[in-house]
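Working notes, structure below.
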Amino acid sequence: MTKTSTISPPKSSGFWREAWHRYRKRRLSMLALAFVGMLAVVAIAAPMIAGTKPIVCRFQGHIYFPCLGYYNPSWENPIFRAADVYPDYAAKLKQADPDSWAVYPLVFQDPYHRVRADEWPGRPGNPWGSEGTPSAQNYFGTTNVGYDVFAQMVHGTQIAMSVGFVSMGIAALIGITVGALAGYFGGWVDILLSRLIEVVMCVPTLVLILVLVAFLDNVTNWHLMAVIGCVSWTGIARLTRAEFLKLKQMEFVAAARAVGASPLRIMFRHMLRNALAPVLVPISFGIASAILVEASLSFLGFGASPPNPSWGTLLHAGQNDIEKMWWLIVFPGVAIFLTVLAYNLIGEGLQEATDPRLRQDSH
Amino acid sequence: MTAYIIRRLGVGLITLLLITCLIYGLLRAMPGSPIAADQANVNPSKQISKQALDQYKRLYGLDKPWYMAYATWLGNLAQFDLGRSFKQNNRPVFSLILERMPATLLLSVTSLVLTYLLSIPLGLWATAHDGTVAERGVSVLLYMLYSLPSFVAALYLQLLFYVKLGWLPLFGMTSDGFGEMSLPGQAWDLLKHSILPIACFTYVSLAYYSRFVRANMQEVVRQDYIRTAKAYGIGPRRILWHHAFRNTLIPMVTLLGLTLPSLLSGAVILERIFVWPGMGSLFLDSIRTHDYNVVMGLTLMFSVLTLAGQLLADILYAVVDPRVSYS
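Chains as they are written, first to last, in the working numbering: chain A, 3 to 365; chain B, 11 to 337.
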């Protein structure tokens, strides 16, 4: 009487789990992912890293978070204006209320104004022009008018990150929809949409964006994101279309159709999840190029209206003073380069982790 | 083949129509007219009378709805008339563009030739020395160059060669007093001014192409016929050049079509940095001054070049690869 041990087949790990496993093996891609993660943290926590408004303070018996004013001016409690503390918290908070306390950001510098002498009691004001070399007080130097470059770059991270994600979100939405419709329905829908893709592809992107942006009166970064998203979806659409053409022939699609699922349900519930992996690759490269486009627009002077602490704006200022102020070029340039490099590495890692053809090649 | 080309040309024409229609509509829909912008910016006290304003508007078709004006524009285009510039002394747009074209072509054609000349040996070298330390180093360097935005590179090069070393001029195409120089002096002057822009134009595509050559070669050298050639005792050099490389030519050709638009976008930024009197600078200037006709003419120009590049790539594709036929 031997116990029959039930033989259970080894559970095969899912596609994403396996892809993640392969991705993790690429050390450079992991490093790039960590770098982008760090940038995201810097972007979200920018007012807590560099600013002149307390992160948290106790004033007249209540706790306030004045640093939220960097995200949205209306989130800063009006009580500080009424008490004449705003915007000189460091100097005036104690005078207005002797019992108050405050926790300040790591670096007491502001992206939107020059820190004057004694704004932080006992500290000299920021130098400006060619005097503003990198120093212990201004890590990356100051601009022409004495704004701190480090603070601008920390707050500029918000622009770079949000431009990348939002514009590619828009592009992915348009691209996946167009590609899915063209690939699934085929026929005249496909012909029409494919022509549309070709037309948009034929216009040099930067030319189209410049034409669109240059004629707006008051450009915000949201305008830029919308415009970039609306012209850079073609690659995603072409790939989605190709994937859907392939998937359309599969049995599970026929099965779904047989049980009477609607086309929309088949496309976006059953097929899309199988087409998603290859589509992620152009999205990652697209984020890199969106960041690049925003930086070049700001650099050309067609970016968001001031105040706009974008990395490209700093480069623009640096170009005008190239003979005296090298720090306006070197630091933002490195930031743009590393960010683009990181997204390219992530895209490449994704490609190798999710593409079955490359997998067989690798051993 | 001829039928294919004719069909492609037809599709291209329709595409151009759609693009220009789209851009024309968008331009007109944007707030601000060229005349108003001019008044406000240049001299607020110098107001044009209402009558003169109407006359201007009639002259440039601004009094008509945009689709009527677009139809007029198309009609003129059929007679190779792109209209006149609002801002540059009423000069014909066509001659303005022609005047700026050589400067842009000098940069883009030179860089395209350089790219092909350099990237193929580089890619072949990388294949031959696959896995060595030197090859890994070069590959990493090329990958980083590929991610380095050209305008950042341009600024870094200016910092190095103008501010720090003082070897090369900062910008412009020629020095003052270019006319009085001797011919070799003129050539030397032009060369000195164009080194940095050409380097910036070239390095991105160089990095991309040589990676591309290498990736294709790696695919090809695994093929059976390469093993057969090795078995026959053919030298590695001959295998690489004669047997493997010829088969990577096909994807190389398609790249040509993809490079043109990026060269043109690059021209807009790089010409601005180096104050190079080409079409890119003209484009930026006319966008800034709301000079519709020039913007339209240049957009048309850019789109035509892009389409031509794609068509050329497709035709070359059939020429290079006997398996591809369009009949």
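Ideal placement from N, C-alpha and C gives every residue a C-beta, glycine not left out.
No experiment lies behind these values; they were computed from the predicted model shown.
*asked:* Contact between the region 198 to 213 of chain B and the region 141 to 151 of chain B is defined here as three or more beta-carbon pairs at a separation below 8 angstroms; is this criterion met?
replied: no
_Sequence ranges, beta strand (DSSP E) only - wholly within the region 90 to 155 of chain A, length at least 3_ = 103 to 105
_Counting only Cβ pairs nearer than 8 angstroms, list the residues of chain A close to Leu23/B._
By Cβ distance, chain A contributes nothing, its closest Cβ being about 12 angstroms from Leu23/B, past 8 angstroms.
*For Asn276/A, which option in Leu249/A, Leu294/A, Ser286/A has the closest C-alpha, if you only look at C-alpha atoms?*
Leu249/A
*Among Asp120/A, Ser169/A, Asp101/A, Ser102/A, which residue has its Cα nearest to the Cα of Phe110/A?*
Asp120/A
*May I ask you to list, following chain order, the residues of the region 153 to 166 of chain B that have a beta carbon less than 7 angstroms from some beta carbon of chain A?*
Met154, Ser157, Leu158, Pro159, Phe161, Val162, Leu165, Tyr166
*Name the DSSP bridge partner or partners of Cys59/A?*
Tyr66/A, Ala104/A
*asked:* Please list the terminal residues of the continuous alpha helix (DSSP H) segment that includes Asn100/B.
replied: Taken as a continuous stretch (DSSP letters only), Asn100/B belongs to no alpha helix (DSSP H), as it is neither H nor E.
*Please check if any C-beta of chain B sits within less than 8 angstroms of the C-beta of Pro136/A.*
Cβ-Cβ to chain B under 8 angstroms: no for Pro136/A.
*Quick one: is Leu310/B near chain A, going by C-beta distance under 8 angstroms?*
Using a CB distance cut-off of 8 angstroms, Leu310/B does not count as an interface residue toward chain A.
*Does Val148/B get closer than 8 angstroms to chain A when you measure Cβ to Cβ?*
no
*Does any C-beta atom of chain B lie closer than 8 angstroms to the C-beta of Cys204/A?*
yes
_As assigned by DSSP and simplified to three states, the class of Ala319/A_ = The three-state secondary structure of Ala319/A, taken from DSSP, is helix.
*Would you call Met3/A buried or exposed, if buried means 16 or more other Cβ atoms sit within 10 Å of its Cβ?*
Because the pLDDT of Met3/A is 47, which lies under 50, any placement of that residue in the model is unreliable, and the number read from its coordinates should be weighed accordingly. Here Met3/A is exposed, its C-beta having fewer than 16 other C-beta atoms within 10 Å.
*asked:* Give me the DSSP bridge partner(s) of Ala52/A.
replied: According to DSSP, Ala52/A bridges with Val109/A.
*asked:* Given this structure, state the Cα-to-Cα distance separating Ile348/A from Gly335/A, to the nearest angstrom.
replied: 20 angstroms
_From Gly131/A, Thr341/A, Gly351/A, residue whose alpha carbon lies closest to that of Ser157/B_ = Thr341/A
_Short Cβ contact (8 angstroms threshold) for Val330/B with Leu259/B_ = yes
*Cα-Cα, which of Asn86/B, Arg224/B, Leu308/B, Ala254/B is closest to Ile107/B?*
Leu308/B
*Should Met311/B be labelled buried (16 or more other beta-carbon atoms within 10 Å of its own) or exposed?*
buried
*asked:* Measuring straight from C-alpha to C-alpha, what distance separates Leu247/A and Ile193/A?
replied: Whole-angstrom Cα-Cα distance: 13 angstroms.
*Which term fits Val191/A, buried or exposed, when burial requires 16 or more other beta carbons within 10 angstroms of its beta carbon?*
exposed
*Leu210/A and Val233/A look like a contact to me (Cβ under 8 angstroms); what is the Cβ gap, rounded to whole Å?*
5 angstroms
*State whether the region 125 to 140 of chain B contacts the region 212 to 221 of chain B, with contact taken as three or more CB pairs (one from each stretch) at a distance under 8 angstroms.*
Pairwise C-beta distances place the region 125 to 140 of chain B in contact with the region 212 to 221 of chain B, as three or more of them are shorter than 8 angstroms.
*According to the neighbour-count rule (16 or more other Cβ atoms, all chains shown, within 10 Å of its Cβ), is Arg232/B buried or exposed?*
exposed
_Nearest residue (CA-CA) to Gly134/A, options Asp90/A, Gly124/A, Met327/A, Leu198/A_ = Met327/A
_What would DSSP say about Gly158/A, mapped onto helix, strand or coil?_
It is helical.
_Please identify the residue among Gly320/A, Tyr186/A, Gly63/A whose C-alpha is closest to the C-alpha of Val151/A._
Gly320/A
_Helix, strand or coil at Trp329/A according to DSSP, with G and I counted as helix_ = If DSSP states are grouped into helix, strand and coil, Trp329/A belongs with the helices.
*Report yes if the CB atom of Lys61/A is closer than 8 angstroms to the CB atom of Ser102/A, and no otherwise.*
As written in the sequence, residue 61/A is Phe, which differs from the Lys given in the question. Yes, the pair counts as a contact, with Cβ atoms nearer than the cut-off.
*Reduced DSSP secondary structure (H/G/I, E/B, other) of Pro179/B*: coil
*Hey, Phe304/A and Ala216/A: beta-carbon distance below 8 angstroms or not?*
yes
*Do we get a CB-CB distance below 8 angstroms when we pair Thr316/B with the residues of chain A?*
yes
*Do you know whose CA, among Asp295/B, Thr264/B, Met183/B, lies nearest Val213/A's CA?*
When each option's Cα is compared against that of Val213/A, the closest is Asp295/B.
_Between which residues of its own chain and Arg110/B is the CB-CB distance below 8 angstroms, once the five residues before and five after are set aside?_
Pro287, Gly288, Met289, Ser291, Leu292
*By Cβ distance, which residues of its chain are closer than 6 angstroms to Gly267/B, with the 5 residues on each side in sequence left out?*
Gly319, Gln320, Ala323
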